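Below: one structure, written as C-alpha cells.
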Amino acid sequence: MNTTDCPECGYEILSRLGTVCPKCGHTIGYFEGEKKKKYGKFFALTVFVPFISFITILFSSINPYTFYASIFIYAYLAYKSCPALFKGVTFTKYEKVLFWGVWIIFNAMIIAMIYNNIVKGFESGS
Ligand SMILES: [Zn+2]
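Using the working numbering, read the sequence shown as starting at 2 and increasing by one per residue.
Have a look at this one:
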C-alpha cells in the first residue's frame, strides 16, 4: 500500500482515496496538494486555451493579417497546453487518455476551422 503525508498535519497515512487521517480527520480526496494545483492549471489550459483560440480566430478571420497572426497565437497556446508538457503531474493511464483525447479533439476542431477559413478566403479572395 502506498502511503502519503497528510496534507493537513503531515502524519503518514495511506494515499488511497477516502482514507481518513487518524490524527486530524482529514479525508484524502482525488486531488491533493501539489497535484491539485497542477491539475487546476491543466484544466484551465485545456478549457480556456481552445476557447480563447476559437474566439481569436473567429474575430481575426475578417482580416487576413490578423487571421495569420491568430494562427501563430493559437499554435503557441496549443503547444503550451499540450499534455506532453505536464510531466510534473503523475497521470494514471485513464487520465492520460482523457487529457490527450480532449486536447486532440479541440485542436482538430480549431485546425478544421482554420482550414475552412483559408479555403473560404481563397474562394472569395480578390
Ligand atoms: Zn492529518
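Don't be surprised by glycine CBs; every beta carbon is placed ideally from N, CA and C. None of these values were measured; they are calculated from a predicted model.
**OP:** Express the C-alpha separation of Ile63 and Asn108 in angstroms, rounding to a whole number.
**Re:** On the sequence shown, position 107 is the one that residue 108 refers to. On the sequence shown, position 62 is the one that residue 63 refers to. Inter-residue distance for Asn108 and Ile63 is about 21 angstroms (C-alpha atoms, whole angstroms).
Original post:
CB-CB under 6 angstroms to Ser127, same chain, minus the five flanking residues each way: which ones, in chain order?
Top reply: Residue numbering aside, residue 127 sits at position 126 when the sequence shown is read from its first letter. For Ser127, the predicted model reports a pLDDT of 47, less than 50, meaning its position is unreliable; a value from the coordinates is still stated below. Sequence-distant Cβ neighbours of Ser127 in its own chain, meaning closer than 6 angstroms and more than five residues away, do not exist here.
Subject >> Every unbroken beta strand (DSSP E) within the segment 26-53, with a cutoff of 3 residues, ordered by chain >> reply: If we require 3 residues or more, the segment 26-53 turns out to have no beta strand (DSSP E) run fully inside it.
Original post:
Would a C-beta distance cut-off of 8 angstroms place Ser71 and Thr47 closer than the cut-off?
Top reply: One-based indexing of the sequence shown puts residue 71 at position 70. One-based indexing of the sequence shown puts residue 47 at position 46. Against a cut-off of 8 angstroms, the Cβ pair of Thr47 and Ser71 comes out as no contact.
**OP:** List the endpoints of the continuous alpha helix (DSSP H) containing Thr67.
**Re:** Looking up residue 67 in the sequence shown gives position 66. Residues Pro65 to Lys81.
Original post:
Should Tyr12 be counted as a contact of ligand 1 given a C-beta to heavy atom distance under 7 angstroms?
Top reply: Mapped onto the sequence shown, residue 12 falls at position 11. Yes, ligand 1 has a heavy atom inside 7 angstroms of this Cβ.
**OP:** Measure the CB-CB distance between Ile56 and Tyr75 and report whether it falls below 8 angstroms.
**Re:** Locating residue 56 in the sequence shown gives position 55, where the first residue counts as 1. Locating residue 75 in the sequence shown gives position 74, where the first residue counts as 1. Inclusion of Ile56 and Tyr75 in the CB contact set at 8 angstroms is not warranted, their separation being larger than that value.
**OP:** Leaving out five residues on either side along the sequence, give the residues of the same chain with a beta carbon under 6 angstroms from the beta carbon of Thr5.
**Re:** For this step, residue 5 is matched to residue 4 along the sequence shown. Around Thr5: Ser16.
Original post:
How many Å lie between Pro65 and Asn118 at the Cα?
Top reply: The residue labelled residue 65 in the question sits at position 64 within the sequence shown. The residue labelled residue 118 in the question sits at position 117 within the sequence shown. A straight line joining the alpha-carbon of Pro65 with that of Asn118 spans about 10 angstroms.
Original post:
Just the Cα atoms here: how many angstroms apart are Ile53 and Pro84?
Top reply: Reading the sequence shown from its first residue, position 52 is the one you call residue 53. Reading the sequence shown from its first residue, position 83 is the one you call residue 84. One C-alpha to the other measures close to 18 angstroms.
Original post:
If you check the beta carbons only, do Phe43 and Phe87 fall under 8 angstroms apart?
Top reply: Here residue 43 refers to the residue found at position 42 when the sequence shown is read from its first residue. Here residue 87 refers to the residue found at position 86 when the sequence shown is read from its first residue. With respect to Phe87, Phe43 sits close: the two C-beta atoms are nearer than 8 angstroms.
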